[in-house]
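Chemist: Before we start, here is the structure in question, set down as structure tokens.
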Amino acid sequence: MSIRIIPQDELGSSEKRTADMIPPLLFPRLKNLYNRRAERLRELAENNPLGDYLRFAALIAHAQEVVLYDHPLEMDLTARIKEASAQGKPPLDIHVLPRDKHWQKLLMALIAELKPEMSGPALAVIENLEKASTQELEDMASALFASDFSSVSSDKAPFIWAALSLYWAQMANLIPGKARAEYGEQRQYCPVCGSMPVSSMVQIGTTQGLRYLHCNLCETEWHVVRVKCSNCEQSGKLHYWSLDDEQAAIKAESCDDCGTYLKILYQEKEPKLKPWQMTSPLWYWTREWSKKATPAVPSTRSCSRVKGSNL
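Numbering (the numbering used here), first residue to last: 23 to 333.
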């Protein structure tokens, strides 16, 4: 596994220690996370061709903020961390961790919070989800985790994912104090849950200049050195693309060795940047190219050459 999470009672005998080193993991800090996200989405929606979509996403983020505090999670992960450490697996591995009924409770709470804000087709979608059976909801969650997107309609997926993401973020938030992490290679996937990164961020503050990948599910961030492909770990054929100039705050980092891409954002150039953020043209460009990606390459991590620079 890329970065191993060690049970607290085993830290003393661990051969690798993280003291005085770059923090390999940044666990999610949920206080105001979703509120700030909603505010940023509303800002970005102004005079934006994707304004309606961004305002819709802001509504979901605000609902997550409300539900987070209305439905806290109480769970002892000590045994799970020990078991996962012994197996060399992420403690909250999406492929093996049994889902507690709490996530469906979160989904129903999200729906209740969003209902007054919805109308037309969107309202019909969440009402259908509200009527779905427990097994139907579990099947949709399993399909999303298996990247079987044809089995979950695109209008239902955002609501299912919002509940799952909140649930996994709540669990990840319980890990600090229970464990620490060690360094390792092969950091393509989140060390906490095994999901893919949504982007990478060159940060400011106490982690100034360090690059962290941001999990698209549990909101954890993990360190990967710069000028290195986060997918295949090669560095010889990297390209950085933007639709503006070489000093752009948002770029796409592509690798000719494995044919994948990942967004890279520079907070020093725009402090208000968020991991999920992308400029509308760059978002459209990477999405259009991803439709042409070869079957062997995940379309969520593919890029084309339009305008960029080599390292």
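In this text, a Cβ means the ideal position worked out from N, Cα and C, and glycines have one as well.
Whose C-alpha, out of H245, P219, E243, is nearest the C-alpha of G283?
Modeler: Mapped onto the sequence shown, residue 283 falls at position 261. The residue asked about is misnamed: residue 283 is Tyr in this sequence, not Gly. Of H245, P219, E243, the residue nearest in Cα terms is P219.
Chemist: Contact between the segment 44-58 and the segment 111-131 is defined here as three or more beta-carbon pairs at a separation below 8 Å; is this criterion met?
Modeler: no
Chemist: For K273, which residues does DSSP report across the bridge?
Modeler: Position 251 of the sequence shown, counting from 1, holds the residue named residue 273. Bridge partners of K273: I286.
Chemist: Evaluate contact between the segment 171-178 and the segment 135-151, counting only Cβ atoms and requiring at least three cross-stretch pairs below 8 Å.
Modeler: yes
Chemist: Which residues bound the beta strand (DSSP E) around V220?
Modeler: Taking the sequence shown and counting its residues from 1, one reaches residue 220 at position 198. Residue range 219-224 is occupied by the beta strand (DSSP E) that includes V220.
Chemist: Grouping DSSP H, G and I as helix and E and B as strand, with all else coil, what is Y211?
Modeler: Against the sequence shown, residue 211 aligns to sequence position 189. In this structure, Y211 counts as coil in the three-state DSSP scheme.
Chemist: Considering only the beta carbon of each residue, do V214 and C251 sit closer than 8 Å?
Modeler: The residue given as residue 214 occupies position 192 in the sequence shown. The residue given as residue 251 occupies position 229 in the sequence shown. Cβ distance not < 8 Å, so V214 and C251 don't count as in contact.
Chemist: Quick one: what does DSSP say H124 is sitting in, helix, strand or coil?
Modeler: Looking up residue 124 in the sequence shown gives position 102. DSSP places H124 in helix when its eight states are reduced to three.
Chemist: Inspect the beta-carbon positions of L186 and A168 and report whether they are closer than 8 Å.
Modeler: Here residue 186 corresponds to residue number 164 of the sequence shown, with the count starting at 1. Here residue 168 corresponds to residue number 146 of the sequence shown, with the count starting at 1. No, they are not a contact pair.
Chemist: In whole angstroms, what is the alpha-carbon distance linking E290 and Q230?
Modeler: Position 268 of the sequence shown, counting from 1, holds the residue named residue 290. Position 208 of the sequence shown, counting from 1, holds the residue named residue 230. So the alpha carbons of these two residues sit roughly 8 Å apart.
Chemist: According to DSSP, is L145 helix, strand or coil?
Modeler: The count along the sequence shown starts at 1 and reaches residue 145 at position 123. Of the three classes helix, strand and coil, the one that applies to L145 here is helix, per DSSP.
Chemist: A191: buried (16+ other C-beta within 10 angstroms of its C-beta) or exposed?
Modeler: Position 169 of the sequence shown, counting from 1, holds the residue named residue 191. That one is buried.
Chemist: Hey, R77 and R62: beta-carbon distance below 8 Å or not?
Modeler: Here residue 77 corresponds to residue number 55 of the sequence shown, with the count starting at 1. Here residue 62 corresponds to residue number 40 of the sequence shown, with the count starting at 1. Taking 8 Å as the Cβ cut-off, R77 and R62 do not qualify as a contacting pair.
Chemist: Helix, strand or coil: how does DSSP classify E101 here?
Modeler: Locating residue 101 in the sequence shown gives position 79, counting from the first residue. Strictly speaking, residue 101 in this sequence is Ala, with Glu absent from that position. Residue state, collapsed to three classes: helix.
Chemist: Across which residues does DSSP place L47 in a beta bridge pair?
Modeler: Mapped onto the sequence shown, residue 47 falls at position 25. In DSSP, L47 forms a bridge with W244.
Chemist: Could you pull out every residue in the same chain whose Cβ sits closer than 7 Å to the Cβ of S107, ignoring the five residues on either side in sequence?
Modeler: As a working note, residue 107 is residue 85 in the sequence shown. Cβ neighbours of S107 beyond the five flanking positions: R26, I27, I28, P29.
Chemist: What do you reckon, are the CB atoms on A203 and L132 nearer than 8 Å?
Modeler: For this step, residue 203 is matched to residue 181 along the sequence shown. For this step, residue 132 is matched to residue 110 along the sequence shown. Not a contact, by the Cβ cut-off of 8 Å.
Chemist: Using three-state DSSP, classify L25 as helix, strand or coil.
Modeler: Here residue 25 is taken as the residue at index 3 of the sequence shown, counted from 1. For the record, residue 25 in the displayed sequence is Ile; it is not Leu. I25 falls in the coil class under three-state DSSP.
Chemist: In chain order, what are the residue ranges of uninterrupted alpha helix (DSSP H) at least 4 long that sit wholly in the segment 157-202?
Modeler: 179-195
Chemist: Could you give the DSSP three-state label for L114: helix, strand or coil?
Modeler: Counting from one through the sequence shown, the residue named residue 114 turns up at place 92. Here L114 carries a coil assignment [DSSP, helix/strand/coil].
Chemist: Helix, strand or coil for H93? Go by DSSP, reduced to three states.
Modeler: Counting from one through the sequence shown, the residue named residue 93 turns up at place 71. Under the three-state reduction of DSSP, H93 is assigned to coil, being neither helix nor strand.
Chemist: Just to confirm my understanding: we take K296, look at its own chain, exclude 5 residues before and 5 after, and list those with CB closer than 7 Å. What are they?
Modeler: As a working note, residue 296 is residue 274 in the sequence shown. Contacts found: R59, R62.
Chemist: Can you name, in chain order, every residue of its own chain whose Cβ lies under 8 Å from the Cβ of R233, other than the five neighbours on each side?
Modeler: Locating residue 233 in the sequence shown gives position 211, counting from the first residue. Result list for R233: S222, M223, V224, Q225, H245, V246, V247, R248, I286, in chain order.
Chemist: Taking S125 as the reference, give the member of I103, P138, M97, I272 with the closest Cα.
Modeler: Stepping through the sequence shown from its first residue, residue 125 is reached at position 103. Note that residue 125 is Trp in the sequence shown, not Ser. Residue M97 is the option with its Cα nearest to W125.
Chemist: In terms of residues, what are the limits of the beta strand (DSSP E) holding L260?
Modeler: What you label residue 260 is simply residue 238 of the sequence shown in a count that begins at 1. Unbroken beta strand (DSSP E) run through L260: 260-263.
Chemist: Let me know the secondary structure DSSP gives L76 once reduced to three states.
Modeler: For the purposes of this step, residue 76 is taken as residue 54 along the sequence shown, with counting starting at 1. Reduced to three states, the DSSP call for L76 is helix.
Chemist: In the DSSP assignment, what are the bridge partners of C237?
Modeler: As a working note, residue 237 is residue 215 in the sequence shown. Per DSSP, P219.
Chemist: For V249, which three-state DSSP category applies?
Modeler: Position 227 of the sequence shown, counted from the start, is the residue given in the question as residue 249. Correct three-state label for V249: coil.
Chemist: Is it buried or exposed for D42, if we count other Cβ within 10 angstroms and need 16 for buried?
Modeler: Sequence index remark: in the sequence shown, residue 42 carries index 20 (1-based). Confidence in D42 is poor, its pLDDT being 49 and thus under 50, which makes the residue's placement too unreliable to answer from.
Chemist: Suppose you measure from the CA of A270 to the CA of C212; what does that come to, to the nearest Å?
Modeler: As a position in the sequence shown, residue 270 is number 248, starting the count at 1. As a position in the sequence shown, residue 212 is number 190, starting the count at 1. Looking at the two C-alpha atoms, the distance is approximately 26 Å.
Chemist: If you compare alpha carbons, which of T242, S276, W263 is closest to S257?
Modeler: Along the sequence shown, one-based indexing puts residue 257 at 235. Nearest C-alpha to S257: S276.
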